[in-house]
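> Below is a structure I'd like to ask you about.
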């Protein structure tokens, strides 16, 4: 293999380029990205960047000395496996011996609300928040909660609306999801749960959010934090299996022998993982698969979130029916560590402001096996 094309120039695409060099690939690397910017770190967008604690320069990711042929500001429109080429929207095509698909995902939109996925999104929202508007956030997941925390720290009046009865119940379970969601009330943020949003009102600009029960929430700024859609439409007709993303095994292998997928756009062994740690770690596995090497050992799923001055950390994978128990601290004080157990074995751990204890317990969590 002499030439590899990486489609997607975000964290997972850059991590794939790094992995290629670390795994002794000396050939040509072409990195294709829809944004005109070089890769940047996204987690601070909902936190320090919104509040002004960091600048655009602080977000830049190191990409020196990798010998990359950058193709930025262009979007992939078609994958031609027979011609071993990627077609771009500027009319050109890139031929390669192997392809890494790392096109990520785009934020789900809701009417004229703001979203937060790219640096451009963050710049626009930051400018809005400087005016201390009345903010309504649709969705109480991690992104929605972090934006609420940032907006509140800037002096905004903030309301969070969640269609589920308990925010974060999916990854954390109802009990622990409720504990994390209580942070909103602790800091003067109104949280409304169990009521879907009907729509947005206003002529020249958004004026209010209407809920399904008829409640009308005045709003100067509305932010939708309702998940993301994998950017895989360009792969229709390529022969790849697509089902909520590019279908792969745990090692990034697709139905095409010279194509692997990784990051937010991949459904690896039935799971689409959208967290930063996965985008950083999994590309090395996909690259090893592409090059015919030995993939590195699987790492546990891991995520963190900073909200209202509290560090939330979670590792492992919870399933319905797992038991959860507090092993340290007090949830009421927002300072505790909880362990999830299945058949008597720890399978996940949640920490709130307990970084040292979390690290110790994380080592005891049963490793998630790789599955084909």
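Numbering (the UniProt record's numbering), first residue to last: 1 to 372.
Yeah, the Cβ is synthetic: ideal placement off N, Cα and C, and Gly gets one too.
Model, not experiment: these values are computed from the prediction.
Alpha carbon to alpha carbon, what distance is there between residue 225 and residue 200?
Going by the C-alpha atoms only, they are around 15 Å apart.
> With respect to the beta strand (DSSP E) encompassing residue 71, which residues constitute its N-terminal and C-terminal limits?
Where residue 71 is concerned, the enclosing beta strand (DSSP E) stretches over 68-72.
> Quick one: any contact between the segment 109-124 and the segment 155-174, if contact means 3 or more CB pairs under 8 Å?
No, because fewer than three Cβ pairs between the segment 109-124 and the segment 155-174 fall closer than 8 Å, the two stretches do not touch.
> Out of 126, 348, 267, state which residue places its alpha-carbon closest to the alpha-carbon of residue 327.
Of 126, 348, 267, the residue nearest in Cα terms is 348.
> For residue 44, collect the residues of the same chain with a Cβ closer than 7 Å to its Cβ; drop the 5 residues on either side in sequence, then sort them by chain order.
For residue 44, where only same-chain residues beyond five positions count, the Cβ hits under 7 Å are 54, 59.
> Taking DSSP's pairing of strands, which residues face residue 134 in a bridge?
Paired residue(s): 157.
> Beta-carbon within less than 6 Å of residue 313's beta-carbon, same chain only, minus the 5 sequence neighbours each way: which residues are those?
Result list for residue 313: 304, 351, 358, in chain order.
> Going by other Cβ atoms of all chains shown within 10 Å of its Cβ, with 16 needed for buried, is residue 238 buried or exposed?
Residue 238 is buried by the Cβ-count criterion.
> Just list the residues that DSSP pairs residue 193 with in beta bridges.
Its beta-bridge partners are 162.
> Helix, strand or coil for residue 346 per DSSP?
In this structure, residue 346 counts as strand in the three-state DSSP scheme.
> Can you check whether the CB of residue 195 is closer than 7 Å to the CB of residue 213?
Cβ distance < 7 Å, so residue 213 and residue 195 count as in contact.
> Using a beta-carbon distance below 7 Å, is residue 154 in contact with chain C?
Checking the listed chains, one finds no chain C in this structure; it contains a single protein chain.
> In this structure, does DSSP put residue 47 in helix, strand or coil?
Note: residue 47 maps to coil in three-state DSSP.
> So which of 272, 135, 233 has the shortest CA-CA distance to residue 218?
Checking every option, the nearest Cα to that of residue 218 belongs to 135.
> Reducing DSSP to helix, strand and coil, say where residue 25 ends up.
Coil at residue 25, not helix or strand.
> For residue 128 versus residue 221, is the C-beta distance shorter than 7 Å?
Cβ distance < 7 Å, so residue 128 and residue 221 count as in contact.
> Looking only at C-alpha atoms, which of 324, 261, 106, 148 sits nearest to residue 343?
Selected option, being the one with the closest Cα: 324.
> Please state the DSSP three-state secondary structure of residue 110.
Reduced to three states, the DSSP call for residue 110 is coil.
> Please classify residue 283 as buried or exposed, where buried requires at least 16 other C-beta atoms within 10 Å of its C-beta.
Buried, because 16 or more other Cβ atoms sit within 10 Å of the Cβ of residue 283.
> Roughly how far, in whole angstroms, is the beta-carbon of residue 233 from the beta-carbon of residue 105, given that I think they are within contact range, below 8 Å?
Contact flag wrong, Cβ pair sits at about 12 Å.
> DSSP on residue 63, reduced to helix/strand/coil?
DSSP places residue 63 in coil when its eight states are reduced to three.
> Check whether the segment 56-70 and the segment 13-22 touch, using three or more Cβ-Cβ pairs below 8 Å as the test.
Yes, since at least three Cβ pairs between the segment 56-70 and the segment 13-22 fall closer than 8 Å, the two stretches touch.
> From the DSSP output, in three-state form, read off residue 143 for me.
Three-state result, residue 143: helix.
> Just checking my contact of residue 315 with residue 297 at CB under 8 Å: how many whole Å lie between their CB atoms?
Their Cβ separation, rounded to whole angstroms, is 15 Å, which puts residue 315 and residue 297 out of contact at 8 Å.
> In terms of residues, what are the limits of the beta strand (DSSP E) holding residue 256?
Here residue 256 belongs to no beta strand (DSSP E), and DSSP marks it neither H nor E.
> With distances taken between CB atoms, is the gap from residue 156 to residue 132 smaller than 7 Å?
Closer than 7 Å, so yes.
> In terms of DSSP beta bridges, what is residue 307 paired with?
The partner list for residue 307 (beta bridge, DSSP) reads 310.
> Reducing DSSP to helix, strand and coil, say where residue 285 ends up.
In this structure, residue 285 counts as helix in the three-state DSSP scheme.
> Alpha carbon to alpha carbon, how far is residue 318 from residue 368? Give it in angstroms, no decimals.
Its pLDDT being 45, under 50, residue 368 is placed unreliably by the model, and the measurement read from it follows with that caveat. Roughly 11 Å between the two C-alpha positions.
> Would you mind sorting residue 372 into buried or exposed? The rule is 16 or more other CB atoms within 10 Å of its CB.
Summary for residue 372: the model assigns pLDDT 37, below 50, so the residue's position carries little reliability; its value from the coordinates is reported in the next sentence. Per the 10 Å Cβ criterion, exposed.
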